[in-house]
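Comments concern the structure below.
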Ligand SMILES: Nc1ncnc2c1ncn2[C@@H]1O[C@H](COP(=O)(O)OP(=O)(O)OP(=O)(O)O)[C@@H](O)[C@H]1O
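In the UniProt record's numbering, the protein residues as written are 1 to 773.
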């Protein structure tokens, strides 16, 4: 109550006249200082309240300019003083609504501060922040306050009039993330103090996704009843379905020509798929099938941009650039820019058509110069924490523990994997350690016999369900049956088979879907998308008690895979078991980002929050990666007859191949700042394991030579190579100065290492150049 009073900008008429007589002249110079000036777009915008059906704005009584100035100034002063959200650009009405809907989100996180300022000033933004730091949340709030787009229509009397239309499209990679986004927005709308807004949420936001015919029909009917809502959230496929419909009335249900903003959530999903296509293309036998294969997101964006350009030219105008927003937890912002330059230069009609990195946003309050230059076709980079060349940046929260265990497929036992201890803070030190490892193993080649490109299908299928289940049972027992656990399987593994087999041994498995999670009922889980509730003391106590676990019958194992779990905000879960083999650090970031979630993802930020009273309140999380191994000799039931299995099971003979494989696992985590800790062993015993590993240095055996000098066994991708080509002078200089082998810098800095497949790179460079012209 008190807080809402302190935020109110209401002034009685007596005070108003006193203000304009005595105080206004003194306030004018202060109010004109940049800190109190709200962005132009902010003052102009009328989306949230005024475009609501039944909005009464035109009926407001006439007020003189001085009155307006007093109102504006006082509300600015109050809001800038009291609400940290308005200070960084949210419209006061949205900031108030946000706080009513999410009372614990009192203070924006670091990345939210930078992101909202950049967006409010009209820039397109590539934003990379630690998982769970509220990127999507901030974007959702910004979209609500975005000025409503208008389109011209001819009314019954043949007159041209402007009517509100769709202003923003949020493209998400999977349905669950769409549902989560939608719920966040609905929750904010439900807390609006405008009756017009919360009584008609469908006029503001609608969710579209592929489902049964009836469900899709319902979505279309809603779209017809509440045409062109302010925001549409959808995976790209359903939008393409509608736009490609034979029936014009269906096609017209969407208006993509007047969009002011397009949010591409988890663009990394699309880029990862592109890399996969390119990988398949390189394999001779697949070439035809994968030639010119594109992901739906590319097709959709290409179409939107072309259609807007054609429409604008037809009307004799220059096409307007919508603000593009690329939130990601795993790609660097430079990679996003490279993706745009190489593949989709027309998405962002930038005047900066060189290969330079996006301009960093430094959180300085923008002055006149910023405003003048603010344009949606400039891509700003928001990086938190910023990437640096000296130190290794941690890509996941620092309240997580990382473990790698080896599951012996013959004895069905699990042990701590004997991985080398690597430096996870200093880039130079890590590179030196890797170099030393290479020397020890006498190889430049970290692509291993045990895990190479031919094993690709197995990566997707994952481990046999029996093995994955047995490993899961052992991990659950060791962790004392936590209340909620996420277990990820290979992306093509049958979740249903796994669930059924788990039920037979008394383990309750559910698919990690937004709907099921939120229906969890008596398992006491916090609704998806409500990490902010963890900050509430009572909720937190409850959640901590639950996390203790101890009762197998109360444990729920939420099963998912890389595709489905990305972007999901799964508060209250602290255990993640990875039951398939990974080949990208990016996968690891996505997985680790689902657990131990807290908006202030670093120790430093958490203790800085006044509510922490100098303590770190975050619960710790645990990520366990399971790798299959077998002793020399016959492999046993799971091995001998299965050629695919033979490709993914590590031979634990203590030889160089095995040691390289463990080193590779350690490097994948070290380069994203994660140190591996023992899972079973106590610290001292663990150090002994490490010592044994060091002593094994002398037993070297040569590995088969290969063409790649890749260090971390990540298969090179063509796009990454091309993107890596487009680099600034400054970047190149930094590399030279660092005096390190280029491939190492690549492996460490880019998350996904890459080497250049000669001829092909050139072709793509040429086509990129042509596009640039
Ligand atoms: N400033 C804040 N204070 C408290 N809670 C917040 C704040 N901002 C967001 N949250 C909550 O944090 C959770 C995570 O937000 P969100 O999903 O937007 O993070 P994200 O950075 O997009 O995560 P990911 O990278 O995993 O997609 C949400 O439950 C949201 O309600």
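Glycine is no exception: its CB is placed at the ideal position from the N, C-alpha and C atoms.
Spatial neighbours of residue i in its chain, beta-carbon cut-off 6 Å, leaving aside the 5 residues before and after
i, result
"residue 304", "256"
"residue 485", "557, 575"
"residue 264", "171, 326"
"residue 625", "404, 578"
"residue 333", "126, 128, 358, 381, 383"
"residue 653", "632"
"residue 539", "533"
"residue 465", "497, 498, 501"
Check: residue i C-beta below 7 Å from any heavy atom of ligand 1
i, result
"residue 168", "no"
"residue 574", "no"
"residue 96", "no"
"residue 105", "yes"
"residue 610", "no"
"residue 109", "yes"
"residue 136", "yes"
"residue 329", "yes"
"residue 599", "yes"
"residue 145", "no"
"residue 133", "yes"
"residue 272", "no"
"residue 473", "no"
"residue 129", "yes"
"residue 117", "no"
"residue 530", "yes"
"residue 591", "no"
"residue 400", "no"
"residue 385", "no"
"residue 569", "yes"
"residue 535", "yes"
"residue 321", "no"
Alpha carbon of residue i to alpha carbon of residue j, nearest angstrom
i, j, result
"residue 378", "residue 678", "46 Å"
"residue 123", "residue 396", "27 Å"
"residue 518", "residue 585", "29 Å"
"residue 669", "residue 588", "8 Å"
"residue 342", "residue 526", "42 Å"
"residue 632", "residue 470", "22 Å"
"residue 266", "residue 201", "25 Å"
"residue 675", "residue 664", "13 Å"
"residue 189", "residue 425", "43 Å"
"residue 98", "residue 141", "7 Å"
"residue 846", "residue 297", "Nothing can be reported for residue 846, as the shown portion of the chain is limited to 1 through 773."
"residue 238", "residue 618", "38 Å"
"residue 610", "residue 114", "20 Å"
"residue 613", "residue 116", "27 Å"
"residue 629", "residue 491", "21 Å"
"residue 272", "residue 503", "34 Å"
"residue 186", "residue 244", "29 Å"
"residue 4", "residue 215", "Model confidence at residue 4 stands at a pLDDT of 33, short of 50, so the residue's coordinates are unreliable; what they give is reported in the following sentence. Roughly 40 Å between the two C-alpha positions."
"residue 179", "residue 258", "24 Å"
"residue 151", "residue 160", "10 Å"
"residue 591", "residue 565", "8 Å"
"residue 409", "residue 627", "10 Å"
"residue 648", "residue 90", "50 Å"
Proximal residues to residue i (C-beta, below 8 Å), its chain only, five neighbours per side dropped
i, result
"residue 476", "482, 485, 507, 552, 555, 557"
"residue 348", "124, 321, 324, 340, 377, 379"
"residue 680", "405, 414, 415, 416, 478"
"residue 385", "130, 393, 394, 602"
"residue 184", "136, 137, 140, 529"
Sequence-distant residues of the same chain with beta carbon closer than 7 Å to residue i, five excluded per side
i, result
"residue 489", "462, 468, 495, 498, 559, 561, 579, 580"
"residue 191", "97, 100, 101"
Contact with chain E by residue i, beta-carbon distance below 8 Å
i, result
"residue 413", "Absent from the structure: chain E. Only one protein chain is present."
Residue i CB to nearest heavy atom of ligand 2 below 7 Å
i, result
"residue 102", "The model depicted lacks ligand 2 and carries ligand 1 instead."
**Request:** Examine the Cβ distances between the segment 90–98 and the segment 127–145 and report whether three or more of them are shorter than 8 Å.
**Result:** yes
**Request:** Take every Cβ of the segment 395–411, pair it with every Cβ of the segment 594–609, and state whether three or more of those distances are shorter than 8 Å.
**Result:** yes
**Prompt:** Can at least three beta-carbon pairs, one atom from the segment 130–144 and one from the segment 220–227, be found at a separation below 8 Å?
**Reply:** no
**Request:** Scan the segment 381–427 and note each continuous beta strand (DSSP E) run of 3 residues or more that stays entirely inside, going in chain order.
**Result:** Restricted to the segment 381–427, the beta strand (DSSP E) segments that are unbroken, complete and at least 3 residues in length are 400–408, 413–416, listed in chain order.
**Prompt:** Does the segment 228–237 come within contact of the segment 153–168, defined as at least 3 CB pairs closer than 8 Å?
**Reply:** yes
**Asked** Residue ranges of each alpha helix (DSSP H) run of no fewer than 4 residues wholly in the segment 536–623, ordered along the chain?
**Response** Fully enclosed alpha helix (DSSP H) runs of no fewer than 4 residues occupy 537–548, 562–565, 585–592, 603–608 of the segment 536–623, in order along the chain.
**Request:** Report the residue ranges of all alpha helix (DSSP H) runs contained in full by the segment 464–537; include only those spanning at least 4 residues, in chain order.
**Result:** 465–478, 495–504, 514–518
**Asked** Which ranges does the alpha helix (DSSP H) cover as unbroken runs of at least 4 residues, wholly within the segment 295–332, from first to last along the chain?
**Response** 296–314
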